[in-house]
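Below you'll find the structure, written out as structure tokens, and then a few comments.
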Amino acid sequence: MTQKDVALKRHPLNRPPIEGVIALLFTPFSKETKRIDLKSLRREVDFVLDAGVSAVVACGKAGEFESMTPGESEQVLDCVLKHVGGRVPVGMGIISVDLDRGKETAETAAQTGADFAMVKKFSKKNLPEFFGEITERIPVMLYDQTNEGNLDVETEFLPLVREFNQIIAAKISGNVYSFGHIKEEVPDIPLICGWDVFSLMAYLSGSDGVVAGSASFMPDREVELHRLAQAKLWDEARKLFYDEMLPFISFATPDPYAFSVSKLVLHWLGIFDSPLTRPPYANAPDWMQEELRILALRMGLTN
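Letter 123 of the sequence shown, counting from 1, is numbered 123 in full-length UniProt numbering, and no numbers are missing.
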């Protein structure tokens, strides 16, 4: 991508376009899950930044936004912002909300210093009103899903992107076969794949990056995959993705154990003191943990 191409892309104020590898940070809790483990969170931030990720998102769905109080979400964001120290853009997840909670969280994110918010609306009702209010408060990475289903590309997604210039990136998790079409329609917006399993296919069809939980537990591999895709070294990219990434990602995306599986890797690496999740997310049963540990060892994810 040339400097001219970058200049034409939408971006947060005083930041480059949000593309490349964006790590969805997991939120570590204490062993009884009653408080945020800030020491483990700082270790996670160091882990992903050392691997070369382009940006991070705190309190996304993978960060268990839905299980935290507003005060806890602000605590996590504040910790991440201070530890990142401006090295990469920091986003705040605003997940499964409608207008009142969305405005409140967007204001908190902006006041705390987040560069953007990754926003998933709960319902499909009043989409323009909702995103108009949120984008007045903070630049938005638009999630192409709601809790009621995917945003229709033609009648819902594209009208929002065209109307609100403060939508500065889009997380494509539902309409994953639409990268090429969306890029033709709105070439100035970075399109980021939000489904870890599909990331290689997304690069082949025009994605500008990934925003993924796998970028927090195997950040070096996600960064290398992006490099290979940018260089169009597709045979090397396929070998990396199919042999060294996808077998574990396949277990780290399906509910109800997706976040537990991911946090287990961070625990085995010594980054998280505890891998426990909070309801509504479930912790993987012992038999599954044992098999995942074997797989992680075979893939060189842990020692």
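Where is the CB? At the ideal position from N, CA and C, for every residue including glycine.
Practice item. Can you check DSSP and say which residues form a bridge with tyrosine 143? Key: Lys171.
Check your understanding: Measuring CB to CB, does leucine 246 end up less than 7 Å from leucine 225?
Key -> Judged by their CB atoms, leucine 246 and leucine 225 are not nearer to each other than the 7 Å cut-off.
Review point. Does DSSP put lysine 120 in a helix, in a strand, or in coil?
Key: Under the three-state reduction of DSSP, lysine 120 is assigned to strand.
Exercise for review: Give the range of the alpha helix (DSSP H) segment to which leucine 246 is assigned.
Suggested key: Run containing leucine 246: 246-249, per the alpha helix (DSSP H) assignment.
Point to revise | C-alpha gap between glycine 91 and methionine 68, whole angstroms | key: If you take the alpha carbons of glycine 91 and methionine 68, they lie about 17 Å apart.
Practice item. Assign tryptophan 287 to one of two classes, buried (16 or more other C-beta atoms within 10 Å of its C-beta) or exposed (fewer than that). Key: Label assigned to tryptophan 287: exposed.
Point to revise | As assigned by DSSP and simplified to three states, the class of glutamate 163 | key: The answer is helix: DSSP assigns glutamate 163 an H, G or I state.
Review point. At which residue ranges does the region 68-140 contain complete alpha helix (DSSP H) runs of 4 or more residues, listed in the order of the chain?
Key: Runs found: 70-84, 99-112 and 127-137.
Point to revise | Option in Pro285, Leu233 and Ser214 with minimal Cα separation from leucine 301 | key: Nearest C-alpha to leucine 301: Ser214.
Review point. Anyone know if the C-beta pair for aspartate 196 and leucine 8 falls short of 7 Å?
Key: No, these two residues do not count as a Cβ contact at 7 Å.
Exercise for review: Along the beta strand (DSSP E) that carries valine 21, what are the first and last residues, could you check?
Suggested key: From DSSP, the beta strand (DSSP E) with valine 21 extends over 20-24.
Review point. Is the CB-CB distance between valine 21 and valine 53 below 7 Å?
Key: At a Cβ-Cβ threshold of 7 Å, valine 21 and valine 53 count as neighbours.
Review point. What are the complete alpha helix (DSSP H) segments, minimum 4 residues, inside the region 196-272?
Key: Qualifying alpha helix (DSSP H) stretches, in chain order: 199-204, 214-217, 219-230, 234-244, 246-249 and 258-268.
Exercise for review: Under the assumption that phenylalanine 122 contacts threonine 146 (Cβ atoms under 8 Å), give the Cβ distance between them as a whole number of angstroms.
Suggested key: Contact holds; Cβ gap of about 6 Å.
Exercise for review: Tell me, to the nearest whole angstrom, how far the beta carbon of leucine 269 is from that of leucine 292; I am working on the premise that it is less than 8 Å.
Suggested key: For leucine 269 against leucine 292, the beta-carbon gap comes to about 13 Å, at or over 8 Å, which does not count as contact.
Practice item. Pick out whichever of Ser199, Pro159, Glu156 and Val161 has its Cα sitting closest to the Cα of tyrosine 177. Key: For tyrosine 177, the nearest C-alpha among the options comes from Ser199.
**Study point:** Inter-stretch contact at 8 Å, needing at least 3 Cβ pairs: the region 148-165 / the region 110-120
**Key:** No: the two stretches stay apart, fewer than three of their Cβ pairs being nearer than 8 Å.
**Study point:** Candidates Leu276, Leu160, Ser262 and Arg43: closest to lysine 248 by CA position
**Key:** According to the sequence displayed, residue 248 carries phenylalanine and not lysine. Measuring from the Cα of phenylalanine 248, the nearest candidate turns out to be Ser262.
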